[in-house]
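Trainee:
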Amino acid sequence: MAVKAQEALGKRPLHVLEKIRENLEKLNEKMEVMIELQKHDRKDVSLPITDAPLDVMTLLSMPDHLRKTAMALCRLGRATADEIAQQTTRARAVESAYLNQLVIMGHLKKERKGRKAYFCVEKEYKG
Amino acid sequence: MTSVGKIVVVHSYKGGTGKTLLSVNLAATFVKRGRKVCLLDLDFRAPSLATLLNVTKSNYWLNDYLNGACEIDKVLVDLTDRIHNGGKLFVALANLATEAIRDMSAKDRKWEMRALGRLLALRNSLLNEKGFDYLVMDTSPGLQYSSINAIVSADLVIVATTSDRSDVDGTKRMLHELYDLFEKKTEIVLNKVLNASSSMRREAIQTNVKDIYQAPLLGLIPCFCDVLKAEGNIIFVEEKPEHPFTKIMGEIASEIDHL
Numbered sequence: 040m041a042v043k044a045q046e047a048l049g050k051r052p053l054h055v056l057e058k059i060r061e062n063l064e065k066l067n068e069k070m071e072v073m074i075e076l077q078k079h080d081r082k083d084v085s086l087p088i089t090d091a092p093l094d095v096m097t098l099l100s101m102p103d104h105l106r107k108t109a110m111a112l113c114r115l116g117r118a119t120a121d122e123i124a125q126q127t128t129r130a131r132a133v134e135s136a137y138l139n140q141l142v143i144m145g146h147l148k149k150e151r152k153g154r155k156a157y158f159c160v161e162k163e164y165k166g
Numbered sequence: 450m451t452s453v454g455k456i457v458v459v460h461s462y463k464g465g466t467g468k469t470l471l472s473v474n475l476a477a478t479f480v481k482r483g484r485k486v487c488l489l490d491l492d493f494r495a496p497s498l499a500t501l502l503n504v505t506k507s508n509y510w511l512n513d514y515l516n517g518a519c520e521i522d523k524v525l526v527d528l529t530d531r532i533h534n535g536g537k538l539f540v541a542l543a544n545l546a547t548e549a550i551r552d553m554s555a556k557d558r559k560w561e562m563r564a565l566g567r568l569l570a571l572r573n574s575l576l577n578e579k580g581f582d583y584l585v586m587d588t589s590p591g592l593q594y595s596s597i598n599a600i601v602s603a604d605l606v607i608v609a610t611t612s613d614r615s616d617v618d619g620t621k622r623m624l625h626e627l628y629d630l631f632e633k634k635t636e637i638v639l640n641k642v643l644n645a646s647s648s649m650r651r652e653a654i655q656t657n658v659k660d661i662y663q664a665p666l667l668g669l670i671p672c673f674c675d676v677l678k679a680e681g682n683i684i685f686v687e688e689k690p691e692h693p694f695t696k697i698m699g700e701i702a703s704e705i706d707h708l
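Have a look at this one:
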């Protein structure tokens with residue numbers, strides 16, 4: 040019993056650190072979104088726009104830097120910022136910012152699975 | 450996700466530039482060389498491969514695959530017997546029925562987005578899983594949704610063009626405002642070239658084309674009366690193996706192999 044209690048105590052700090060890290064990541068993402076919103080002078084928008092399909096005409100009208108990210112995601116269907124960065128050979132942080140911007144614009148959906156954030160065009164999309 | 454096969458899309462600014470002739474004969478040339486090829490008709494507004502290849506009845510069409518009504522296996526029609534001593538030829542056809550054409554031209558942006566996803570998925574299902582060497586896609590001219598979807602999924606875009614002024618101008622714009630934006634490898638095929646018999650004249654045309662488009666020239670096809678006389682009733686490269694057109698298609702296929 041005493042050994043078990045000690046083990047539990049030993050794991051506790053690790054668990055707490057893990058939680059802190061998770062929260063920091065969430066906070067970081069929220070800040071990225073706020074920065075993107077500020078950049079586009081859309082302080083009034085608190086919720087992402089919905090239903091802005093990522094079709095080819097939309098892709099064509101996008102600025103080059105976002106098109107590159109969006110096309111990589113079209114090819115993969117569902118991916119993390121890391122996986123997109125591997126395709127575009129740009130930094131993960133850059134892709135993370137662009138992906139979050141595409142979420143704000145309503146072109147992508149974002150979902151969390153454990154510590155990872157996945158971006159997708161939509162659930163039915165094959166890619 | 451790595452595939453050995455290639456997706457080749459044949460596109461043009463204007464109609465009547467020879468996209469379908471190029472697509473069918475390029476696919477047939479690859480098959481004659483022992484390759485496994487799938488020829489797809491993405492010209493949903495004016496389907497032509499079904500008539501041209503005389504397959505007017507089918508349980509499933511490419512339209513159904515893009516609609517999410519079936520998987521691609523159901524759409525593929527085996528036409529391997531059309532090419533003597535070759536590899537394998539499959540086709541995925543666009544539905545000829547007027548109702549189907551109307552239905553395809555009334556799709557919304559969300560549908561087009563899903564259609565792009567299903568087209569991109571062919572790389573995995575046909576090239577990776579079924580071992581196709583080439584997917585050759587025939588498209589509608591100009592900036593149509595189905596054509597741009599095909600371009601986005603392509604490894605190589607072949608742009609069929611003629612010397613017609615409006616065609617030249619439109620093709621130039623598409624090169625810079627469409628293919629370049631999607632970072633696509635693009636090659637020009639100049640079709641219906643007049644007086645192309647002397648090598649000096651051919652060289653002059655080649656230099657001229659490269660100057661105008663600032664893009665590589667994949668092939669130069671003279672205006673052949675024999676091709677017109679065939680009226681789309683035969684697979685030209687199969688029926689006329691010694692014809693100069695067949696030789697040019699062979700050279701184009703070799704170039705694509707090495708790209």
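Protein sequence lines, in the order shown, are assigned to chains E and C. Letter by letter, the first sequence follows residues 40 to 166 in this note's numbering. Letter by letter, the second sequence follows residues 450 to 708 in this note's numbering. All C-beta atoms in this analysis are idealised placements derived from N, C-alpha and C, irrespective of residue type, glycine included. Note that the structure is predicted; figures quoted are calculated from it, not measured.
(1) What span of residues does the alpha helix (DSSP H) with aspartate 675 of chain C cover, start to end?
(2) Where does arginine 572 of chain C land, buried or exposed, given buried means 16+ other C-beta within 10 angstroms?
(3) Assuming contact is defined by CB atoms lying nearer than 7 Å, are alanine 570 of chain C and phenylalanine 493 of chain C in contact in what I supplied?
(4) Closer than 6 Å by C-beta to methionine 450 of chain C: which residues in its own chain qualify, once you throw out the five before and the five after it? Chain order, please.
(5) From the DSSP secondary-structure annotation, give me the bridge partner or partners of cysteine 159 of chain E.
(6) What residue range is occupied by the uninterrupted alpha helix (DSSP H) comprising tyrosine 583 of chain C?
(7) Suppose you measure from the CA of glycine 533 of chain C to the CA of glutamate 578 of chain C; what does that come to, to the nearest Å?
(8) Hey, tyrosine 462 of chain C and valine 95 of chain E are a contact pair by Cβ (cut 8 Å); roughly how many whole angstroms apart?
(9) For threonine 466 of chain C and asparagine 139 of chain E, I'd like the C-alpha separation in whole angstroms.
(10) Could you tell me which chain E residues have their CB closer than 8 Å to the CB of asparagine 598 of chain C, listed as they occur along the chain?
(11) Please name the residue, chosen from C:Met698, C:Glu548 and C:Tyr628, that lies closest to alanine 476 of chain C on a Cα-to-Cα basis.
(12) Looking at chain C, which residues of the region 114-125 of chain E have a Cβ within less than 9 Å of any of its Cβ atoms?
(13) Taking the CB atoms as reference points, tell me whether valine 142 of chain E and lysine 149 of chain E lie closer together than 7 Å.
(14) Are the C-beta atoms of proline 102 of chain E and some chain C residue less than 7 Å apart?
(15) What are the residues in the region 581-615 of chain C lying within 7 Å of chain E by C-beta distance?
(16) Leaving out five residues before and five after alanine 136 of chain E in sequence, what residues of the same chain have Cβ atoms less than 6 Å from its Cβ?
Mentor: Judging by the given coordinates:
(1) 674-678
(2) buried
(3) no
(4) Caution is warranted here: a pLDDT of 44 is assigned to methionine 450 of chain C, below 50, making its placement in the model unreliable, and no coordinate value can be reported.
(5) E:Arg117 and E:Lys148
(6) Element bounds for tyrosine 583 of chain C: not the alpha helix (DSSP H) but the beta strand (DSSP E), 583-587.
(7) Per the sequence shown, the amino acid found at residue 533 of chain C is histidine instead of glycine. Straight-line Cα distance between these residues: approximately 26 Å.
(8) No, tyrosine 462 of chain C and valine 95 of chain E are not in contact; Cβ-Cβ is about 17 Å, not under 8 Å.
(9) 43 Å
(10) Val95
(11) C:Met698
(12) Arg114, Leu115 and Gly116
(13) yes
(14) no
(15) Tyr594, Ile597, Asn598 and Val601
(16) Glu71
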